[in-house]
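K.L.:
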Amino acid sequence: MLQKLADNYVSAAAVILFGIGFTTLLLNKNLVRKIIGFSFMDSAMFLFLAAQGYIEGGKAPILDPDQLTARTTFINPVPAGLVLTGIVVSVSVTALMLALTVRLYRRYHSLDIDEICRLAGKEES
Amino acid sequence: MSNRFRVLRAFFTESESPLDTDQIRTLTGSVPDNRPGDADMLVTHENNIRWSGRNLDNRFEKSKKRITAVYRVFSVLAAVMIIAVLLFTVTDLPSFGGVEKPTQNEVQQRYLEKGLEEGGATNLVANMILDYRAFDTLGESNVLFMAVCTVILLLRISQGDTDRRLREENDDRHFEPKNDLILQTGARVLVPVIQLFGIYVILNGHLGPGGGFSGGAIMGAGLILYLSAFGFARTERFFTFRTFKTVSFTALSFYALSKAYSFFTGANHLPSVITTGTPGAILSAGLILPLNIAVGLVVCCTMYAFYTLFRKGDM
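As structure tokens, this is what we get:
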């Protein structure tokens, strides 16, 4: 089993990174730290996806115009395209979360999620 | 100095007591505006300070601490369990770098073998994301655009609100470097190089590594460096909210229309004026080069808009 983990060391590292991000998300009350944890999870996902496309000895899928007919092994281009989509979405989501955090800080002058919930509850009643 | 430090600490520590009116006054040099929302807020604040400081029952505090400890233990346990289960799954995955995987199927083979013939770009990834899967990339650019729109909704200060505007500018003057000699000299050397490299990456996207997203991000970073070094007065000469609107809208509609034409002619087997050209030439690969430029412009504007909106609440 350890041998198999060592074979798949990139995926294993991605999974552990995901766990670290998840723990950050759960343990911190500060909203900015939660967003950092979220970004960790995003990066872990991209690492995992990109690792699936790698082929031993494969080159980046860019042809040389002088030798178009030469047969070379290329890595799988599909995960690269999917990761690109993922990165763009994660940038947008991070920006959106940070903007919401700024608004919350302006209203409640705190980044502590419990504090914000308490103040919001008080405001309602 | 200490005030600045306090604000930074409020951003990065877990339970910093909120700023009160006096602190805001000393920080910004002006009294916070007296709109009803903010006034209520300040009242709530004072209550809140009284509440959390003195009147809280000791026993309540203790039980709260215990609940927090239990929560922490359980969340660490949950995270460890998730890592364990996922690691167990990883042991069943096909090994890293192997050829015999379900991901190595006919889809990627088609992209690699027919890509040059059908798309015309020697960078097969560009071929895939801007020709075969161009619709997906249009969606991505729109996601970025929509994210900026939402951030504008959340953070942009309205034109009439001069109080807030002045306060933000005051903050900007306090917390951002102003006429920093090292930064300005560095920017004078670096910004042209960065912009040139960004343009190269965009224009070379169909021939080598690069493309609209990476090149646009590089150009956006160059603009941000220029802004931090020279301030808003210099950047507003060429980049305002109006520029952002025009460039993003033009690029996105160009993308949608040109790709609509290409899909229409392709699906109906009509002759198309777009040819793939000779592989390796700069003007080749049909629509991929113009689409890369459009995507690059959108990404560049987006990065710059995010920065300015978070910094000043306007562009």
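As you go down the protein sequences, you meet chains S and R in turn. In our numbering, each number is its position in the first sequence, counted from 1, plus 443. In our numbering, each number is its position in the second sequence, counted from 1, plus 148. Each residue gets a CB set at the ideal place from its N, CA and C atoms; glycine is no exception.
1. Can you round the beta-carbon distance between M451/R and G368/R to whole angstroms, since I take them to be within the 8 Å contact cut?
2. Quick check on DSSP: helix, strand or coil for I384/S?
3. Please classify N327/R as buried or exposed, where buried requires at least 16 other C-beta atoms within 10 Å of its C-beta.
4. Residues of chain R with CB under 9 Å from D485/S, in chain order?
5. Chain S partners of L302/R, CB-CB under 9 Å?
6. Using only the alpha-carbon positions, how far apart do V299/R and N352/R sit?
7. Excluding the 5 residues flanking P522/S on each side, which residues of the same chain have their C-beta closer than 6 Å to its C-beta?
8. Helix or strand or just coil, what does DSSP make of D555/S?
9. Report yes or no: is there a C-beta of chain S within less than 8 Å of the C-beta of V299/R?
10. For I350/R, which of helix, strand or coil comes out of DSSP?
11. Measuring only the C-alpha atoms, how far is I277/R from V453/S?
12. Using DSSP with H/G/I as helix, E/B as strand and the rest coil, what is I505/S?
13. Starting from the C-beta of Y219/R, find all residues in its chain whose C-beta is less than 6 Å away, skip the five residues before and the five after it, and write them out in chain order.
14. Does the contact criterion of 3 or more C-beta pairs under 8 Å hold for the stretch 374-392 of chain R versus the stretch 264-276 of chain R?
15. So, for N473/S: in the same chain, excluding its five sequence neighbours on each side, which residues have a beta-carbon less than 6 Å away from its beta-carbon?
16. Going by DSSP, what residues sit across from G490/R in a beta bridge?
17. Taking the CB atoms as reference points, tell me whether V446/R and L400/R lie closer together than 8 Å.
18. Is the distance from the Cβ of L469/S to the Cβ of A227/R below 8 Å?
P.N.:
Judging by the given coordinates:
1. 3 Å
2. The question about residue 384/S has no answer, for chain S in this structure spans 444 to 568.
3. exposed
4. Correct list: empty, because the minimum Cβ distance to chain R is about 14 Å.
5. Simply L539, A542, L543, V545, R546.
6. 31 Å
7. L492, A493, Q495, G496
8. DSSP places D555/S in strand when its eight states are reduced to three.
9. yes
10. helix
11. The alpha-carbon atoms of I277/R and V453/S are separated by roughly 25 Å.
12. I505/S: strand per DSSP, three-state reduction.
13. none
14. No: the two stretches stay apart, fewer than three of their Cβ pairs being nearer than 8 Å.
15. L554
16. The structure shown does not extend to residue 490/R, since chain R is modelled only from 149 to 463, so the question has no answer here.
17. yes
18. Cβ atoms of L469/S and A227/R: closer than 8 Å.
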